[in-house]
Amino acid sequence: MKPDGHPITPAGFAALRARYDHLLGTERPAIVEIVSWAAGNGDRSENGDYLYGRKRMREIDRELAFLARRMKAARVVDPARQEDRSRVLFGACVEIADEDDNRKVLTLVGDDEQDASKGLIGWSAPIAKALRGARVGDLRVVRLPSGEKEWEIMSVSYPEA
């Protein structure tokens, strides 16, 4: 199964939704209250609370619009429901080794949930693109800024349903 659009795991989508709900239901109303209070204090051009509040409200509105677009374009794909567990597809946890047997464990996730420090690699990252469709024992060449590097697929796994 090759995900179309912007694939995301159920947990990743829940995190986007939680951020959206927090901004809309908590942060924005608090800033609106501060701006309203500050506006009632007179000269707005020199009122730090008013100026900062308006700036923060614009930032929140931009982030809300961004999150709404991402959630609308997202396609939730549950890796636990992956039928072909022998190949590297969306949601796979892959152990790879280079020619010096340096090993890495990577999980292919949606671009909105990537975190290289935790081994979560975005679906459109160069290494994820190179690994797609691979099976245990396959060799894949990844083009990195430092040059090409060859990796062998040591294991492929998916979460249980």
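In this note's numbering, the protein residues as written are 1026 to 1186.
Using N, Cα and C, we set each Cβ at its ideal position, and we do this for glycine too.
For a quick check, are the C-beta atoms of GLY1135 and HIS1031 less than 8 Å apart?
Against the sequence shown, residue 1135 aligns to sequence position 110. Against the sequence shown, residue 1031 aligns to sequence position 6. Their beta carbons are under 8 Å apart, which means GLY1135 touches HIS1031 by this criterion.
Less than 8 Å between C-beta atoms, sequence neighbours within five positions excluded: which residues of the same chain meet that for LEU1041?
The residue you call residue 1041 lines up with position 16 of the sequence shown. Hits under 8 Å: ILE1033, LEU1092, ARG1095, MET1096, ALA1099, ASP1137.
Integer Cβ distance of VAL1167 from ILE1178, believed to fall under 8 Å
Reading the sequence shown from its first residue, position 142 is the one you call residue 1167. Reading the sequence shown from its first residue, position 153 is the one you call residue 1178. By a beta-carbon distance limit of 8 Å, VAL1167 does not contact ILE1178. Their separation comes to about 12 Å.
Could you compute how far the alpha carbon of VAL1119 sits from the alpha carbon of ALA1043?
Numbered from its first residue, the sequence shown carries residue 1119 at position 94. Numbered from its first residue, the sequence shown carries residue 1043 at position 18. Their backbone Cα atoms lie some 28 Å apart in a straight line.
Give the secondary structure of TRP1062 by DSSP, where H, G and I count as helix, E and B as strand, and everything else as coil.
Stepping through the sequence shown from its first residue, residue 1062 is reached at position 37. TRP1062: helix per DSSP, three-state reduction.
Are THR1132 and LEU1145 closer than 8 Å when you measure CB to CB?
In the sequence shown, residue 1132 corresponds to position 107, counting from 1. In the sequence shown, residue 1145 corresponds to position 120, counting from 1. Going by beta carbons, THR1132 and LEU1145 fall inside the 8 Å limit.
Using the Cβ count rule (16 or more neighbours within 10 Å means buried), how would you classify PRO1054?
For this step, residue 1054 is matched to residue 29 along the sequence shown. Per the 10 Å Cβ criterion, exposed.
How many Å lie between ASN1127 and LEU1089 at the Cα?
The sequence position of residue 1127 within the sequence shown is 102, counting from 1. The sequence position of residue 1089 within the sequence shown is 64, counting from 1. Rounded to whole angstroms, ASN1127 to LEU1089 spans 41 Å at the Cα level.
Would a C-beta distance cut-off of 8 Å place ASP1125 and TRP1176 closer than the cut-off?
In the sequence shown, residue 1125 corresponds to position 100, counting from 1. In the sequence shown, residue 1176 corresponds to position 151, counting from 1. In this structure, ASP1125 keeps its C-beta atom at 8 Å or more from the C-beta atom of TRP1176.
Can you look up GLY1037 in the DSSP assignment and give me helix, strand or coil?
Position 12 of the sequence shown, counted from the start, is the residue given in the question as residue 1037. Note: GLY1037 maps to helix in three-state DSSP.
Is it true that the CB of ILE1056 sits closer than 8 Å to the CB of ILE1085?
Reading the sequence shown from its first residue, position 60 is the one you call residue 1085. Reading the sequence shown from its first residue, position 31 is the one you call residue 1056. Judged by beta-carbon spacing, ILE1056 lies within the 8 Å limit of ILE1085, meaning their Cβ atoms are closer than that value.
According to DSSP, is ASP1086 part of a helix, a strand, or is it coil?
Walking along the sequence shown from the start, residue 1086 turns up at place 61. DSSP places ASP1086 in helix when its eight states are reduced to three.
Compare the Cα-Cα distances from ALA1159 to each of LYS1174, VAL1181, ARG1079 and report the closest residue.
The count along the sequence shown starts at 1 and reaches residue 1159 at position 134. Nearest of LYS1174, VAL1181, ARG1079 to ALA1159, Cα basis: VAL1181.
For the beta strand (DSSP E) containing ALA1099, name the first residue and the last one.
As a position in the sequence shown, residue 1099 is number 74, starting the count at 1. Here the beta strand (DSSP E) through ALA1099 covers 1099-1101.
Spatial neighbours of LEU1049 within its chain, please: C-beta separation below 8 Å, excluding the five flanking residues on both sides.
Position 24 of the sequence shown holds residue 1049. Around LEU1049: LEU1089.
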